[in-house]
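**Q** Numbering-wise (UniProt numbering), the sequence shown opens with residue 1 and increments by one.
Idealized CB from N, CA, C, for every residue including glycine.
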Amino acid sequence: LGAGGTPGQAGRSSPVTVPLSPAAVTQDEPSEWEKTELDQAQVEQRIKEYNSQINSNLFMSLNKDGSYTGFIKVQLKLVRPVSVPATKRVPSLQAGRPHPQGVKRRTSFYLPKGTVKHLHILSHTRASEVIDALLRKFTVIDNPRKFALFERSEKDEQVYLRKLGDDEQPLRLRLLAGPSEKVLSFVLKENETGEVNWDAFTLPELHNFLLILQREEEEHVRRLRHRYARCRQKMQEAL
1 LGAGGTPGQA GRSSPVTVPL SPAAVTQDEP SEWEKTELDQ AQVEQRIKEY NSQINSNLFM
61 SLNKDGSYTG FIKVQLKLVR PVSVPATKRV PSLQAGRPHP QGVKRRTSFY LPKGTVKHLH
121 ILSHTRASEV IDALLRKFTV IDNPRKFALF ERSEKDEQVY LRKLGDDEQP LRLRLLAGPS
181 EKVLSFVLKE NETGEVNWDA FTLPELHNFL LILQREEEEH VRRLRHRYAR CRQKMQEAL
């Protein structure tokens, strides 16, 4: 985005208005279409329609027992760091007889924003199992209860979010919605329940949070000082 200055104002920056995305509206109840129950013939027909609409090889397949398999795409939008195992080599105390042994440790880091993962799942795979599978793929050792799977939809330029229950079946929702990600997409986020349950975090995690908060505070103070220093300088120049 850019905007040119008005005549006679060369060298001055013009204010640019950046449109903000509307905040997501949180929903508690599933939409009516999500409550639809399909018989076997309808499931087969929906799968054919779904496969005819996608532009990839991520097809759904009907199994002989009436279940079906397919792919879902999950976007990770995590604000806090996650914990993964780390191994530290400890040298042997006996000279001449090195016996390095692995000591189980954990380290925390931020997953890149917007990370996307495709999962191949069954129609009866539950949301809680999807969360477990995602954490395993990234070797995250945090408690799965810290995370929640959300469905995201767009309608009339408004974004809606709903947290899935543990027993809800994401692939079933994907089939009912069709392949359009505006109608339905999946997002993994922190399981926000209002008050933060700090007891669910380990001491290293809490220590990391304190360090992050301290760095953010220092950066905020630095920017404020820089801002007021510039204002003071401009006022002195004007005098």
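Excluding the five sequence neighbours on either side, which residues of its own chain have a C-beta within less than 7 Å of the C-beta of E205, listed in chain order?
**A** Around E205: S83 and S108.
**Q** Answer with buried or exposed for E29, where buried requires no fewer than 16 other C-beta atoms within 10 angstroms of its C-beta.
**A** It is exposed - the Cβ of E29 has fewer than 16 other Cβ atoms within 10 Å.
**Q** Use the C-beta contact count for L171: other C-beta atoms within 10 angstroms, 16 or more gives buried, fewer gives exposed.
**A** Label assigned to L171: buried.
**Q** In the structure shown, what three-state DSSP assignment does Q169 receive?
**A** Coil, per DSSP.
**Q** Could you say which of Q53, N143, T202 and H124 lies nearest to N191 if we only look at CA atoms?
**A** The residue with the shortest Cα to Cα distance from N191 is N143.
**Q** For S21, does the count of other Cβ atoms within 10 angstroms reach 16, so buried, or fall short, so exposed?
**A** Confidence in S21 is poor, its pLDDT being 47 and thus under 50, which makes the residue's placement unreliable; the coordinate value appears in the next sentence. That one is exposed.
**Q** Should the region 66-85 be regarded as contacting the region 124-143, the criterion being three or more beta carbon pairs within less than 8 Å?
**A** Taking 8 Å as the limit for Cβ pairs, the verdict is that the region 124-143 does touch the region 66-85.
**Q** Which of the three DSSP states, helix, strand or coil, is assigned to E29?
**A** Of the three classes helix, strand and coil, the one that applies to E29 here is coil, per DSSP.
**Q** How about L184 and Q75: do their beta carbons lie closer than 9 Å?
**A** It is not a contact, given that the beta carbons lie outside the stated cut-off.
**Q** Using 8 Å as the cut-off, can you tell me whether the region 109-126 makes contact with the region 161-181, which would need three or more C-beta pairs spanning the two stretches below that distance?
**A** A contact exists between the region 109-126 and the region 161-181.
**Q** With a 10 Å radius around its C-beta and 16 neighbouring C-beta atoms as the bar for buried, classify M60 as buried or exposed.
**A** Label assigned to M60: buried.
**Q** Given a threshold of 16 other Cβ atoms within 10 Å of its Cβ, counted over all protein chains shown, does D138 qualify as buried or as exposed?
**A** Checking the sequence, you will find Phe at residue 138 rather than Asp. Label assigned to F138: exposed.
**Q** Could I get the ranges of all uninterrupted alpha helix (DSSP H) runs contained in the region 36-71, with 4 residues as the minimum, in chain order?
**A** Segments of the alpha helix (DSSP H) lying fully in the region 36-71: 40-53.
**Q** If you check the beta carbons only, do F186 and K35 fall under 9 Å apart?
**A** No. Outside cutoff.
**Q** Can you tell which of S128, L176 and A133 has the C-alpha that lies nearest to the C-alpha of Q45?
**A** Closest option to Q45, Cα to Cα, is L176.
**Q** Is any heavy atom of the ligand ZN found at a distance shorter than 8 Å from the C-beta of D142?
**A** Because no ligand of any kind appears in the structure shown, any question about the ligand ZN cannot be addressed here.
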